[in-house]
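Numbering (this note's numbering), first residue to last: 1 to 145. Built from N, CA and C at the ideal position, the CB exists for glycine as well. Below is one structure, written out as structure tokens, with a few remarks after it.
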Amino acid sequence: MVHVAATLETPERASRTFIEATRRMLAANLNALVGAVLFIGVVLVAIFAQLIAPHDPNFQEPADRLLAPGAERPSDPAEHLPRVLSELMRDIDIPNGIGAVGFGEGDIGALVDGAMKQQRLLATCPRDVTEDDLAGIFSRSLELW
1 MVHVAATLET PERASRTFIE ATRRMLAANL NALVGAVLFI GVVLVAIFAQ LIAPHDPNFQ
61 EPADRLLAPG AERPSDPAEH LPRVLSELMR DIDIPNGIGA VGFGEGDIGA LVDGAMKQQR
121 LLATCPRDVT EDDLAGIFSR SLELW
């Protein structure tokens, strides 16, 4: 009769067997080795993220500060970026709205009709777009500043 305890592996032996099998597999398969190295790298970066990049991940420098660091700040922060972008557009001579490239008040109906045909673009809008919405956008876009 064979003793049962002799046939069972100890945890140390099972661990050693697993490690040896994994080592042989990685040595034989370059793709598995590359994947294992990448996986271990990602895990290490995640573990040591606070040491690697000790900054507040929720803080982002607003675009308006990068575009115009010395610009005067309005009382409403939401007005600053449009103001900075308008100044940039003037500085690089972008036309002042669609009126500056030849469209007028009389062209708004044709622009709306053309835009309503672009359903692949309008479908991504988070709300339903009506002809009145587009007419208002085009009217306000005739002159930007």
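Secondary structure of Leu142, DSSP reduced to three states | Three-state DSSP puts Leu142 in coil, outside helix and strand.
On the three-state DSSP scale, how would you describe Asn31?
-> In the three-state scheme derived from DSSP, where H, G and I count as helix and E and B as strand, Asn31 is classed as helix.
Which term fits Val112, buried or exposed, when burial requires 16 or more other beta carbons within 10 angstroms of its beta carbon?
-> Its Cβ being crowded by 16 or more others within 10 Å, Val112 is buried.
Would you say Trp145 and Ser75 are within 8 Å of each other, going by their C-beta atoms?
-> Cβ distance not < 8 Å, so Trp145 and Ser75 don't count as in contact.
Could you check what DSSP says for Ser86 in three-state terms: helix, strand or coil?
-> Helix, per DSSP.
Alpha-carbon to alpha-carbon, Gln119 and Glu79 | Distance between the alpha carbons of Glu79 and Gln119 is about 31 Å.
Do you know whose CA, among Asn96, Ala71, Asp93 and Arg127, lies nearest Val84's CA?
-> Closest option to Val84, Cα to Cα, is Ala71.
Reducing DSSP to helix, strand and coil, say where Phe39 ends up.
-> Of the three classes helix, strand and coil, the one that applies to Phe39 here is helix, per DSSP.
Alpha-carbon spacing of Gly104 relative to Leu142, whole angstroms = Distance between the alpha carbons of Gly104 and Leu142: 7 Å.
Exposed unless 16 or more other CB atoms sit within 10 angstroms - verdict on Phe39 | Exposed.
What is the DSSP secondary structure of Val101, counted as helix, strand or coil?
-> Taken through DSSP and simplified to helix, strand or coil, Val101 comes out as helix.
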